[in-house]
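Have a look at the structure below before the remarks.
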């Protein structure tokens, strides 16, 4: 009985906990993000002007203020509060004040959905629909990050059409006027309001009274804008000024689309002038008006038919029309869809229809991506979304938004014409058994298959990894100047140089008369990379070569045919000629960030001053181990990363097997990852991302094991996976700070399974709770901290005085570097483009090839894992929010979201490979979805098909992944998107 009473109390509190948490999240986001700069500067400036000069002087001549007066008093109040507490523009509290009212309105909108859903559907789907509305990514971003006021604008519209559902026409008209006073975009919903009032005339027997209500409603709709405008314009100029304000705002952006990812943008209309030709010789202006008229015709059709069959629904019509105009109309901004999305969700609550919910779900995601893209590019060179990457993303999201609207149109057709609703599933959330099923036993054949796949992956990954021989003994002129004299025994044309560590040095070649023949700067970009400089030398000519403040491992004179020229003398600069490669390539030279991490591994091994300190040391410690084993060679500095990349395959096999309890899905996961583009490329470059990804997946594996064990045996009998998970988490953090992102997901799962264990109602839970609390602190805080500290031992080898104060300063420096980094890169990309792999990272280009051949290395996303995985993640998310989810699905989504979500708030330069850890959970989503298919035969066929496609694509793209020289035609064929550009 006490447990039942407690569950009832929890159920009653659930909606309020949801709303409170959603409100808190918006306010936290408002505090930690800066807002969209153009809107923020307007809001702050408008508030300050209103507070300083009063409403009568606000709309002064030549002053830009394109909002009507409705929300300006709120901005003025914010300005007064800022002045009272001396808050600067950049203060987080300024951001909080600007977001407070819209955040409260967002919470009120979610409460409306709850109130409606609670009366039309069972409690479980009603709570899920409310939760999705409360934590809707579109409104979260719009209010918490962008800091727009759309929440305050949308709420009166929602109330308006909800009251119209109840045939409370006059209050609804007044609320429409409130929305109109806040933003002129309310005019987009004017035809729906008119249709509702006209429908009332048809529906009521007292037509005269209904007609009078139309006039009364019109008067009430105009009252708020007039009342709010009176202090600003006065009685005499009130109506002309308001008309000018509304008409000017609506026509102020004469473009087909203003960053709205809709059908117009998908057709190439973003930022296109209205008079430009669009389709079939018609201008964008003509096309836009034609589509708006078509959508309006649909409104009339649905209104008439639904009135006739008794299924007339203002919410449904408002959702259809608002989003129809956004999708097909011209002059749309990115945020114009937000009220329509909320109306769809409210209509889904009213009709208890899963199709409406699905449309709202899809439109929320496309709208969120739309806002995120525009926000992240504000103030950059790509602000107008003109780059190949941004335009491709806009087109794809625009197509997705159009598809979601067509789903909405289908639902509206069925509901308006037939009144036929498809309800959400009403089953309780998570109906699985208390304890998960046991894991299948390992069989000999399965183990042999796993070993065979691992061996094949090793052969594939280690083949042509790098040269095993390279010069090892430098002329070390660090902090000094050293010279050697050398005589060429035959004529030469080129000088090859292989520098080592340098902190800003130089190489200088002079002849016997002291004339400088060549000067080459030696910096951080030149280390352990062969370079070629033109230097004609005659046979018997003696040269003096001077190295300043740098290491120079070897030099080589080459003749016109590229052959080595023998020399006399030269000392340490010419003492390892047998180690000079025949050609310069990635096999013997560092590329991309190897010049940081591979170099640091060498410095740590030899006790030198460490150059790269912007990441924790463990990844570089592991690279150092490879260098210690195989020397400072291409193979040596890449060995450890490749080994970890190979080990990712059996780890993924085991993770998928444990997740799904199906042996064959473990094999599918292993094969897909073995052929994944990013795994192959990132494991063959001496950077640290492969280590972080490995330990993140390892930590997820142990957490999965721990969760399953707790539900089966309890916390106290699950200490081994708990401890191992903490070790993996510590190793991940010590490899790269992105391991901390994974920690957030692990914490949610750790606490979540403890709650699930409590729900089982087993005796002795208090002891289990103590064990979980102590174990959490010991294994997920203290053990990781010790591992993290131990990763800095090479610093102490270099400097015996390195202590805790120095360690702490390293952490401060790392944080300051990453938080303040303003560098740009031609192949940087934003997080939302990673989902589709739109912008690969061009790591290397071989410029020492014969004509007609090309060779490059690009960090590409694997199409199968990334694209199929994204589709499966969306399917899992939809199942979770539509009351058909599972614990396993929730776990995969939590791990994926924890890894990706922090990047949404990162403003520094980012790259596609930052998505590599997240892609591990794309793979998990694929196998989980396959395990849920009802037909096992179909699931196996799909799994085999995915592996086959992966193999074909891997073979096709192998040259771009490995640096293999291929004919130019092959190379060009691989650049299937204009945003690729890696040859």
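Numbering (this note's numbering), first residue to last: 4 to 986.
Glycine included, every Cβ here is placed at the ideal spot set by N, Cα and C.
The DSSP assignment places complete beta strand (DSSP E) segments of no fewer than 3 residues inside the segment 520-560 at 534-540, in order along the chain. C-alpha of residue 903 to C-alpha of residue 617: approximately 21 Å in a straight line.
The closest CA to that of residue 650, considering only 456, 554 and 500, is found on 456. Below 8 Å, too few C-beta pairs join the segment 463-472 and the segment 500-514 to call them touching: fewer than three.
Residue pairing by DSSP places residue 571 opposite 490 in a beta bridge. When 377, 351, 730 and 367 are compared, the shortest CA-CA separation from residue 337 is found for 377.
Between the segment 684-696 and the segment 638-653, the count of Cβ pairs shorter than 8 Å is three or higher; the stretches touch.
Residue 502: member of the beta strand (DSSP E) spanning 495-513, first to last residue. In the same chain as residue 50, and ignoring 5 residues on each side of it, the C-beta atoms closer than 6 Å to its own belong to 78, 79, 81 and 82, in chain order.
Distance from residue 497 to residue 533 at the Cβ level is roughly 11 Å; contact not present, criterion being Cβ atoms closer than 8 Å.
In the DSSP assignment, residue 401 falls within the unbroken alpha helix (DSSP H) covering 391-421. Counting only residues of its own chain and dropping the five nearest sequence neighbours on each side, residue 744 has a CB closer than 7 Å to the CB of 901, 902 and 905. Non-local beta-carbon contacts of residue 895 in its own chain, meaning distances under 7 Å to residues more than five positions away in sequence, involve 879, 924, 927, 928 and 931 in chain order.
Listed in chain order, the non-local C-beta contacts of residue 615 below 8 Å within the same chain comprise 599, 600, 602, 603 and 623, local neighbours out to five positions each way being set aside. Of the residues 232, 71 and 316, the one whose Cα lies closest to the Cα of residue 164 is 316. For residue 821, the closest of 876, 912 and 865 by C-alpha to C-alpha distance is 912. Taking C-beta atoms under 8 Å as the contact rule, residue 953 and residue 675 qualify, at a distance of about 6 Å.
In the DSSP assignment, residue 84 falls within the unbroken alpha helix (DSSP H) covering 75-87.
Residue 248 sits in a helix when the DSSP states are folded into three classes.
A residue is called buried when at least 16 other Cβ atoms come within 10 angstroms of its Cβ; residue 753 meets this threshold and is buried.
For residue 848, the enclosing beta strand (DSSP E) begins and ends at 844-848.
For residue 868, no beta strand (DSSP E) run applies, since DSSP gives it neither H nor E.
By the neighbour-count definition (other C-beta atoms within 10 Å, threshold 16), residue 632 is an exposed residue. Residue 868 is positioned such that its CB atom lies no closer than 8 Å to that of residue 964. Residue 711 and residue 402 have their alpha carbons spaced roughly 41 Å apart.
In this structure, the CA atom of residue 130 is about 10 Å from the CA atom of residue 352.
Taking the Cα of residue 442 as reference, the smallest distance to any Cα among 661, 819 and 246 is reached at 661. Leaving aside the five residues that flank residue 544 on each side, the residues in its chain whose CB is nearer than 6 Å to its CB run, in chain order, 491. For residue 716, the number of other beta carbons within 10 angstroms of its own is below 16, and it is reported as exposed.
By the C-beta density criterion, residue 667 is buried, having at least 16 other C-beta atoms within 10 angstroms.
Residue environment: residue 487 is assigned as buried (16 or more neighbouring CB atoms within 10 Å of its CB, all protein chains considered).
With respect to residue 292, residue 279 sits apart: the two C-beta atoms are not nearer than 8 Å. Taking all protein chains shown into account, residue 250 has fewer than 16 neighbouring C-beta atoms within 10 Å of its C-beta and is therefore exposed. Annotation: residue 678 is outside any beta strand (DSSP E) and is labelled neither H nor E by DSSP. The beta carbon of residue 606 is closer than 8 Å to those of 504, 612, 613, 614 and 801 in its chain, skipping five residues each way along the sequence. In this structure, the CA atom of residue 973 is about 11 Å from the CA atom of residue 967.
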